[in-house]
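For reference, the structure is listed below as structure tokens.
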Amino acid sequence: MKNSYTELSHKALMHGPLEALFCCIGDPVVGNPTQIMMEAAFESLLFPARYLTCTVTAPQVQAAIEGIKALGFAGANVTAPHKVAVIPFLDSLTESARLSGAVNCIIRQGDALVGDNTDGKGFLTSIELIRAVKNMDVLVIGAGGAARAIITELALHHASKITIANRTLSKAQDIIDRLAPHVKTEFSAVPLTENFTIGERFDLVVQATSVGLFAPDEGLDLVWEPKTNGERIAADVVFNPINTKFLAAAKKAGATTVDGLGMLVYQGAIAVTHWTGKDAEYSVMRNALEKAFTI
Ligand code: NDP
263 MKNSYTELSH
273 KALMHGPLEA
283 LFCCIGDPVV
293 GNPTQIMMEA
303 AFESLLFPAR
313 YLTCTVTAPQ
323 VQAAIEGIKA
333 LGFAGANVTA
343 PHKVAVIPFL
353 DSLTESARLS
363 GAVNCIIRQG
373 DALVGDNTDG
383 KGFLTSIELI
393 RAVKNMDVLV
403 IGAGGAARAI
413 ITELALHHAS
423 KITIANRTLS
433 KAQDIIDRLA
443 PHVKTEFSAV
453 PLTENFTIGE
463 RFDLVVQATS
473 VGLFAPDEGL
483 DLVWEPKTNG
493 ERIAADVVFN
503 PINTKFLAAA
513 KKAGATTVDG
523 LGMLVYQGAI
533 AVTHWTGKDA
543 EYSVMRNALE
553 KAFTI
């Protein structure tokens with residue numbers, strides 16, 4: 263008979279090897295759902311591990327990374343506002359982390375800590391289940407950390423054009439200045455104004471602002487030009503609520519919609535694979551989150 267996850271954890275603790283330790287660091291982390299889906303993933307893989315959610319204030323970021331190393335943590339997630347601040351304290355970065363300038367996943371390789379960005383990769387997976395992003399004309403609304411990771415991955419996967427619409431235009435321009443020398447994608451930055459019109463030409467429209475998070479009745483004022491030639495995909499990064507005002511409007515305008523839970527779960531699943539070498543089960547992780555969000 264197969265041992266349960268708890269039995270394996272206890273066995274590992276009593277007889278070694280020790281359970282693997284993982285954590286999420288950020289501030290605030292109250293309400294951060296990562297632990298729920300990671301523990302569900304470990305359990306389904308019968309991988310003896312503990313996942314802790316830790317509040318780390320800005321002045322403690324360096325000490326926290328040194329602590330992760332000293333205590334032998336096998337990996338970690340980094341959430342707002344430390345995704346940029348952790349970088350100087352890591353030993354190396356993957357291409358996604360280097361180009362996006364942000365780390366959300368730390369992988370231990372021997373004594374070294376490697377920073378990766380799985381946010382963009384998780385987003386890409388959720389879109390490419392429908393269609394490859396190669397040659398797409400994309401509109402990304404927002405220019406914060408999530409947008410930065412998504413835009414980097416879209417460019418690395420050969421989206422032909424990316425337009426970034428943001429309230430603070432300089433932030434959109436910063437993303438372009440950082441990425442443009444390294445990729446072939448054509449970029450432009452436009453101001454996000456009231457009643458912003460989403461042109462017909464876009465194949466993919468990404469809502470990457472924080473508007474609507476924990477606020478089911480809030481959404482940006484957007485006007486959707488009808489698309490008469492081809493399919494349009496609309497994706498929201500907001501994962502709670504799962505069905506946002508943006509997605510409802512996109513659906514009404516005829517788009518195929520992708521919710522933010524897909525990105526959240528896939529970025530977590532990629533991290534689990536980095537850490538355990540095993541394929542995490544998407545459905546197990548998503549079910550755990552959906553259950554948590556309805557409590
Ligand atoms: P940031 O704080 O880095 O960026 C916030 C973005 O939202 C900026 O572009 C900001 O514009 C814009 N914004 C905020 N309020 C308004 C408003 N009232 N009107 C117009 N624009 C506004 O946040 P993140 O990028 O880290 O996170 C954004 C969202 O993505 C959050 O909801 C977060 O939970 C979600 N997220 C989801 C993930 C997933 O896996 N699904 C992963 C990571 C994040 P400006 O620059 O002008 O301030």
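In this note's numbering, the protein residues as written are 263 to 557.
C-beta atoms are modelled at their ideal positions from N, C-alpha and C, and glycine is treated no differently.
Values in this document were obtained by computation on a predicted structure and should not be read as measured data.
Apart from the five residues on each side of it in sequence, which residues of its chain come closer than 6 Å, Cβ to Cβ, to residue i?
i	result
A223	It is not possible to answer for residue 223, since the shown part of the chain is limited to 263 through 557.
S388	V520, G524, M525, Y528
A347	V323
F501	G522, L523, L526
I330	A338
F555	N502
By Cβ distance, which residues of its chain are closer than 7 Å to residue i, with the 5 residues on each side in sequence left out?
i	result
S306	E543, V546
I369	G337, V376, D378, H536, W537
A342	G288, G407
A442	F449
L454	I403, A427, N428, R429
S354	A374, V376
G623	Because the chain here runs from 263 to 557, residue 623 falls outside it and cannot be looked at.
Are the CB atoms of residue j and residue i within a distance shorter than 7 Å?
i	j	result
L466	V527	no
I412	A470	yes
N457	V485	yes
A517	R548	no
G614	T356	In the structure displayed, the chain extends from 263 to 557; residue 614 sits before or after that span and is not available.
L551	M299	yes
A417	T447	yes
V499	A303	no
Q297	T319	no
A410	I438	Residue 410 is actually Arg in this sequence, not Ala. No, Cβ-Cβ distance for R410 and I438 is not below 7 Å.
Y267	L308	yes
Using the DSSP secondary-structure output, state which residues sit across from residue i in a beta bridge.
i	result
I426	V402, A451
D498	Q469
V520	A497
R312	L283
T317	G288
L484	F458
V376	S354, I369
My output table needs one value for residue i: the three-state DSSP class, helix, strand or coil.
i	result
N339	strand
I504	coil
L562	As displayed, the chain neither begins before 263 nor continues past 557, which places residue 562 out of reach and without an answer.
S266	coil
G530	helix
D353	coil
I392	coil
G539	coil
R370	strand
N549	helix
K345	coil
A515	coil
F304	helix
H420	coil
K446	coil
G561	No answer is possible for residue 561: the residues shown for the chain start at 263 and end at 557.
R463	coil
G492	coil
G329	helix
G293	coil
G212	As displayed, the chain neither begins before 263 nor continues past 557, which places residue 212 out of reach and without an answer.
G407	helix
Which residues in the same chain have their Cβ closer than 8 Å to the Cβ of residue i, if we skip the five residues on either side of it in sequence?
i	result
G384	G524, M525, L526, V527, Y528, Q529, G530, A531, I532
K507	G474, P478, D479, E480, G481
P290	T317
A511	G481, L484, W486
L352	I327, V365, I368, L375, V376, G377
V395	L386, I389, L416, H419, H420, A421, L466
N397	H420, A421, S422
The ligand NAD and residue i: does the residue's C-beta get closer than 6 Å to at least one heavy atom of that ligand?
i	result
F449	Absence of the ligand NAD is noted for the structure shown, with the ligand NDP being the only ligands found.
Would residue i count as contacting chain D if we go by Cβ distances under 7 Å?
i	result
R312	Of the chains in the structure shown, none is chain D; there is only one protein chain.
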